[in-house]
Structure formats: structure tokens, C-alpha cells
Amino acid sequence: MSFGDPNNPYGQQPGQPPQQPQGQPGYGYPQQAPQGVPQQGYGYPQQPGQPDQAYGAYPQQQPGTLQANNGYINIPGLGTVQVASMGRRLGARAIDGVAIGVILSIIMGIGLAGAVGLTQDCDPASADYNQCMNDASASMIGVMFTWIAVIAVFTLLYEWLMIAFVGATVGKLAVGLRVVKESTGQNPGLGSSFIRYIIPIVGAFLCYIGAILVYLSPFFDNSGKLQGWHDRAAGTLVVKK
């Protein structure tokens with residue numbers, strides 16, 4: 001029995017290139033694909049007609065696109081933000097109601113004190129007491145209407161100007177909400193903010209039922225954006241900060 005050369009295990013003739021055993025790939029060399037079949041790189045194959053994307057990357061959302069079932073929306077200038085829930089919005093409205101109620105109570109208290117003071121100047125023993133009381137009553141009515149006008153103007157300016165320039169009232173700031181233009185992501189501005197404010201006020205003329213329906217109208221929005229009727233008219237959206 002003879003033993004082969006340990007440096008020539010496959011018995012190649014001197015001067016011939018080494019040959020690999022059939023059916024076994026060589027180490028360190030890429031495999032050749034069958035003729036006519038293109039070689040594939042590492043990773044998952046790309047679908048025809050689609051651009052290359054990095055592994056794990058999400059496709060870019062178009063502006064105004066509501067992402068599926070997660071409450072997030074892509075807004076120009078802000079990126080992807082979360083739509084405000086109705087619980088937060090109603091909480092913000094309640095805080096605003098308390099804040100406005102306290103301020104209006106102070107204003108009405110001042111007005112009432114001034115009106116009562118008018119009647120104290122009338123002397124019951126005086127001959128013109130009745131005339132004095134009539135004049136005081138007329139003045140009291142005038143004072144009350146003046147304070148009602150002050151209250152209406154204050155309420156208008158509070159909601160209108162704060163939403164226009166800040167994007168939020170005190171209540172919305174407290175719960176971390178902001179009103180933005182859906183098309184730009186910026187503060188609504190005077191025009192859109194006024195439209196958003198006046199629609200519930202018009203509804204309030206129907207025994208305030210219309211205003212309640214406006215504030216609850218986001219529940220009826222089937223787009224997933226929770227836009228109320230006043231938001232749709234103004235082109236605004238309430239989002240988390």
C-alpha cells in the first residue's frame with residue numbers, strides 16, 4: 001500500500017491548478033449563479049418598481065395623513081403629532097369654564113355693588129324719594145347692561161385672541177393641548193380663530209343646545225381626526241403639544 005503526498009491530497013499533476021471536489025463549494029469564494037439568473041445581494045429582495053429603503057424604515061406619510069388606528073397625524077411644519085382625545089378637550093373646556101366663571105363673578109360683583117350704591121343715596125324721609133328710587137333703578141339697569149357688555153367682550157377676546165396668537169386657552173395649556181391650522185401647523189390667526197369661536201355662539205341662541213352639539217360634534221367625526229364642526233369650518237385641528 002502506498003501513501004500519497006500529504007501536500008497533494010487530491011493527486012493533481014504538478015503545474016495544474018488545484019481542483020475542488022464536485023458538489024462542494026470553495027471557502028472564501030462567492031458562488032456563481034446559474035447562467036441567466038442574476039445574483040442576489042444580502043438582505044431581502046426589493047419589490048419591482050419600489051425605491052430602496054433602509055432596513056426598518058417606515059414610509060413617509062403625506063401631510064394630513066392620519067396613521068391607521070393610532071391617533072397620530074402628519075401635519076406640515078409639525079411632523080407626526082397626536083390628535084387630542086375628547087377627554088382632554090372636555091377637561092380643558094371645564095377648566096376654562098371655571099376660570100371664566102371666577103373672573104365674571106368678580107366683574108358682576110363689582111357691578112352689583114355699584115348698582116346697590118345708587119339706591120343708598122335716596123333718603124326715605126325726602127319728598128322726592130320715589131323719584132330718586134326711579135332714577136336709581138334706571139341707572140342700575142344701565143350699569144347692569146354695561147357689565148353684561150363687558151362680560152361678552154371679555155369672553156370674546158379671551159377665546160378669540162388666545163387661540164389666534166397662542167393656539168390655546170388657559171384650559172388647553174393646563175392639559176397640554178394646542179389648536180393649529182391643519183394645512184400649515186401654525187397658530188390659527190385672527191380669521192380662523194374667529195370662525196371657530198363664533199359657530200358655537202350662534203348655536204347658543206337655540207337655548208344653548210346648538211353650542212353643546214358643536215362642542216360634542218368631534219364624537220360624530222368619522223375621519224378619525226376628532227374635528228368638530230367649528231374646527232372643520234375654520235380648518236383647524238386640536239393636537240397634543
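Going by full-length UniProt numbering, the letters in the sequence shown line up with residues 1 to 241, in that order.
Don't be surprised by glycine CBs; every beta carbon is placed ideally from N, CA and C.
These numbers come from a predicted model, not from an experiment.
Cβ-Cβ distance between residue i and residue j below 7 Å
i      : j      : result
Val175 : Arg88  : yes
Val239 : Trp229 : no
Val143 : Gly185 : no
Arg196 : Ala234 : yes
Gly171 : Ile95  : yes
Met133 : Pro218 : no
Cys122 : Ala136 : yes
Thr169 : Met162 : yes
Nearest residue (CA-CA) to residue i, options the options
i           : options                       : result
Leu237      : Gly71, Ile95, Val180          : Val180
residue 255 : Phe154, Leu177, Ile148        : With the chain running from 1 to 241 in the structure shown, residue 255 is simply not present.
Asn187      : Ala84, Ser139, Val166, Ile100 : Val166
Phe224      : Leu78, Cys207, Gly79, Ala84   : This sequence places Gly at residue 224; Phe is not what is there. For Gly224, the nearest C-alpha among the options comes from Ala84.
Arg232      : Leu157, Ser183, Ile107        : Ser183
Val153      : Ile107, Gly191, Pro76, Gly203 : Ile107
Trp147      : Asn130, Pro124, Gly109        : Gly109
Gly101      : Pro76, Pro124, Tyr158         : Tyr158
Contacting residues, own chain, Cβ-Cβ under 7 Å from residue i (five flanking each side not counted)
i      : result
Pro200 : Ala211, Val214, Tyr215, His230
Gln82  : Gly71, Tyr72, Val239, Lys240
Asp221 : Gln227
Gly189 : Ala164
Ile151 : Leu104, Ile107
Cβ neighbours of residue i in the same chain (closer than 8 Å, five flanking residues each side left out)
i      : result
Asp128 : none
Gly41  : Unreliable positioning characterises Gly41 in this predicted model, as indicated by a pLDDT of 49, which lies under 50. The coordinate reading is nonetheless provided below. Nothing listed; no residue qualifies.
Ile209 : Gly203
Ala57  : Unreliable positioning characterises Ala57 in this predicted model, as indicated by a pLDDT of 42, which lies under 50. A coordinate reading is not provided.
Own chain partners of residue i with C-beta closer than 6 Å, once the 5 adjacent residues on each side are dropped
i      : result
Tyr55  : Reliability of the predicted coordinates at Tyr55 is poor, the pLDDT of 39 falling under 50, and no value is obtained from them.
Leu226 : Val83, Pro218
Trp160 : Ser193, Phe194, Tyr197
Leu78  : Gly185
Ser105 : none
Ala99  : Val170
CB contact check: residue i to chain C, cutoff 7 Å
i     : result
Ala92 : Reference to chain C is not applicable here, since this structure consists of a single protein chain.
*asked:* Give the list of continuous beta strand (DSSP E) stretches no shorter than 3 residues that lie fully inside the UniProt domain "RDD" (83 to 235).
replied: DSSP runs (the beta strand (DSSP E)) wholly in the UniProt domain "RDD" (83 to 235): 177 to 181.
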